[in-house]
Amino acid sequence: MKIWPVCLSTLVTLAIAGGVFAQAGFTMSSQPPTCLSSLCGKGVIRASVAGEVEPQSVRLYFRAGSEAAEYYIDMLKGAEGYEAIVPAPLRETTSIVYRVVAIGPDGSISSTEPVTVPVTTDCQLAPLDAEQTATSTNLILGLTEVGQTGAPIGFSCAGITKVVGVDLTMSPNNACEEVRLAKGDPCLAPVGREQRGGTGLLGAAALGAAVVTGAVIIENNDDDREPASPSRP
């Protein structure tokens with residue numbers, strides 16, 4: 003069993019502002035792709051977050067354009083800023099809406115304005131590099147509302163291995179396993195044939211971004227793999 007620390011103070015309402023702005027010491031912007039593919043392709047969303055101090059964590063909150071409830075994935079810091087792999091939209095999804103959220107070391111929260119990205123069958127996505135491919139096969143999905151499951155509405159389950167619930171419990175993504183068994187997701191490999199990669203960019207620094215006082219996230223399994231996106235704010 004693993005225990006992931008998490009900050010209770012980050013569970014407050016998220017503040018929304020302009021696309022590029024300064025709030026709580028951060029100047030933020032994102033680089034949306036021109037489109038996303040409905041043919042099982044995973045896109046990359048990048049963001050820059052600048053300030054006098056490093057953010058505790060940076061997250062991508064996203065949803066299908068026709069839905070109201072959001073999900074989130076932790077953005078990983080690389081040489082050129084932060085990035086997150088977006089789960090593949092399903093064919094019925096015509097757009098996604100996302101925003102980037104930065105959490106300061108004091109628990110303060112900043113958010114970019116929501117951005118809409120069209121989803122098309124002819125979108126030409128840039129291929130993922132080796133690290134991105136590894137990360138895309140070990141995503142951890144954060145839930146924001148009671149009643150949500152690890153099978154995000156409007157998106158494929160492919161690569162989403164674990165879920166962090168609103169109760170801060172991390173668990174295997176049983177909902178997506180049920181979808182796989184039911185053959186209800188065209189992007190999922192058949193049972194027994196899925197290949198999972200490594201953990202991508204996450205290391206001690208990403209885990210350290212989640213360290214604060216108070217609550218913990220408890221992972222309810224004995225899988226020793228380090229997750230690609232560890233905890234819910």
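When we follow the numbering used here, the leftmost residue of the sequence shown carries the number 3, and every step to the right adds one.
Glycine residues also receive a C-beta, built at the ideal position from the N, C-alpha and C atoms.
{"Asked": "Secondary structure at R61, three-state DSSP: helix, strand or coil?", "Found": "strand"}
{"Asked": "Roughly how many angstroms separate the alpha carbons of G83 and R61, rounded to a whole number?", "Found": "12 Å"}
{"Asked": "DSSP beta-bridge partners for D76?", "Found": "R61"}
{"Asked": "Since V181 and A153 are thought to touch, with beta carbons under 8 Å apart, how far apart are those beta carbons, to the nearest angstrom?", "Found": "5 Å"}
{"Asked": "For the alpha helix (DSSP H) holding S112, just list the boundary residues, first then last.", "Found": "No alpha helix (DSSP H) holds S112; the beta strand (DSSP E) holding it covers I111 to S113."}
{"Asked": "Thinking C-alpha only, which one of P89, F28 and G80 is nearest C159?", "Found": "P89"}
{"Asked": "Rounded to the nearest angstrom, how far is the Cβ of S138 from that of K44, given a contact under 8 Å?", "Found": "5 Å"}
{"Asked": "Can you tell me whether T163 is buried or exposed, with buried defined as 16 or more other CB within 10 angstroms of its CB?", "Found": "buried"}
{"Asked": "What separation, rounded to the nearest whole angstrom, lies between the Cα atoms of D187 and L41?", "Found": "11 Å"}
{"Asked": "Under a three-way DSSP split, which group does L183 fall into?", "Found": "helix"}
{"Asked": "Indicate whether the contact test is met: 3 or more Cβ pairs, each with one atom in the segment 162 to 179 and one in the segment 95 to 108, closer than 8 Å.", "Found": "no"}
{"Asked": "Just list the alpha helix (DSSP H) runs in the segment 73 to 160, keeping only unbroken ones of 4 residues or longer that don't cross its boundaries, in chain order.", "Found": "132 to 138"}
{"Asked": "Apart from the five residues just before and just after S50, which ones in its own chain have a Cβ nearer than 6 Å to its Cβ?", "Found": "S31 and G83"}
{"Asked": "Using the three-state DSSP reduction, which class does A66 fall into: helix, strand or coil?", "Found": "strand"}
{"Asked": "Taking just the CA atoms, how far does I87 sit from G47?", "Found": "Looking at the sequence itself, residue 47 is Ile, so the reference to Gly does not match. Cα to Cα, I47 sits roughly 7 Å from I87."}
{"Asked": "Sorted by chain position, which residues of the same chain lie with C-beta nearer than 6 Å to T118's C-beta, five sequence neighbours on each side aside?", "Found": "S97 and V99"}
{"Asked": "Given that a residue counts as buried once 16 or more other Cβ atoms are within 10 Å of its Cβ, and exposed if not, what is D169?", "Found": "exposed"}
{"Asked": "Going by other Cβ atoms of all chains shown within 10 Å of its Cβ, with 16 needed for buried, is E85 buried or exposed?", "Found": "buried"}
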